[in-house]
Amino acid sequence: MKELAVKNYKTAEGQKISQGGNEFTVKPIVAQEDVTQCRVNFVEVEPGNFAYGYHYHETDEEVFYIISGTGVVRTANGEVTVKAGDVITFPAGPEGAHVMRNGSDTEKLVYLDFDTNNVPEIVHFPDTNQVMAYGRFSNGIYDKK
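Numbering (the numbering used here), first residue to last: 111 to 255.
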């Protein structure tokens with residue numbers, strides 16, 4: 111991080127991400143180009159949608175703090191429901207596999223996503239049998255063989 115930052119999820123600028131008819135918004139708190147040890151984003155998920163796909167990291171750990179709404183998290187051990195004020199942690203490895211979906215029919219889900227930043231990193235997507243590899247000079251998604 112290069113400088114002090116104060117951001118509010120209601121006014122922070124975001125990027126809408128679409129994946130196969132699913133949509134969510136990521137609002138960086140620490141810009142990717144400024145990351146050294148951790149990434150932090152606000153994530154907003156409208157009813158009926160989920161954020162990212164079911165995945166786990168080789169080395170990165172994640173922590174989600176639920177700001178508002180209700181989330182249903184698919185994990186390696188089943189589903190977990192989280193609500194405003196809850197924190198859920200995901201260790202590196204298959205036991206930390208997860209995907210967060212909005213559990214409400216009417217309310218937006220908003221959460222803070224804290225990630226460690228180990229580069230290079232490999233992210234596994236068990237449902238699609240793909241991996242994403244990223245480093246300082248490359249980024250791509252590949253089919254597992």
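For every residue, glycine included, the Cβ atom is placed at its ideal position computed from N, Cα and C.
query: What is the residue span of the beta strand (DSSP E) that residue 236 lies within?
result: Segment: none, residue 236 is in no beta strand (DSSP E) and carries neither H nor E.
task: State the Cα-Cα distance for the pair residue 119 and residue 149, rounded to the nearest angstrom.
output: One C-alpha to the other measures close to 15 Å.
message: I'd like to check one pair, residue 172 with residue 224: are the Cβ atoms closer than 8 Å?
response: Remark: C-beta atoms of residue 224 and residue 172 approach each other more closely than 8 Å.
- prompt: residue 204 and residue 166: beta carbons closer than 8 Å?
  reply: At the C-beta level, residue 204 and residue 166 come within 8 Å of one another.
- request: For residue 241, write down the residues that DSSP places opposite it in a beta bridge.
  value: In the DSSP output, where bridge partners are listed per residue, residue 241 has 234, 252.
query: For residue 196, which of helix, strand or coil comes out of DSSP?
result: Three-state DSSP puts residue 196 in coil, outside helix and strand.
Opening and closing residue of the beta strand (DSSP E) in which residue 226 lies: Going by DSSP, residue 226 is part of the beta strand (DSSP E) stretching over 219 to 226.
task: Would you check if the distance between the CB atom of residue 207 and the CB atom of residue 185 is smaller than 8 Å?
output: For residue 207 and residue 185, yes; Cβs fall inside 8 Å.
message: Suppose the cutoff is 7 Å on Cβ atoms and the five residues either side in sequence are ignored; what does the same chain contact list for residue 151 look like?
response: Around residue 151, the same chain offers 136, 137, 138, 139, 223 as residues with beta carbons nearer than 7 Å, after the five sequence neighbours per side are excluded.
task: Drop a sphere of 10 angstroms on the beta-carbon of residue 154, count the other beta-carbons inside from all chains shown, and report buried for 16 or more, exposed for fewer.
output: Here residue 154 is buried: its Cβ has 16 or more other Cβ atoms, across all protein chains shown, within 10 Å.
- request: State yes or no: is the C-beta of residue 162 within less than 8 Å of the C-beta of residue 209?
  value: Here residue 162 is near residue 209, since their CB atoms are less than 8 Å apart.
- request: Kindly indicate which residue of 181, 252, 157, 123 has the alpha-carbon position closest to the one of residue 196.
  value: Closest option to residue 196, Cα to Cα, is 181.
message: Considering only the alpha carbon of each residue, which of 227, 251, 246 lies closest to residue 235?
response: Selected option, being the one with the closest Cα: 251.
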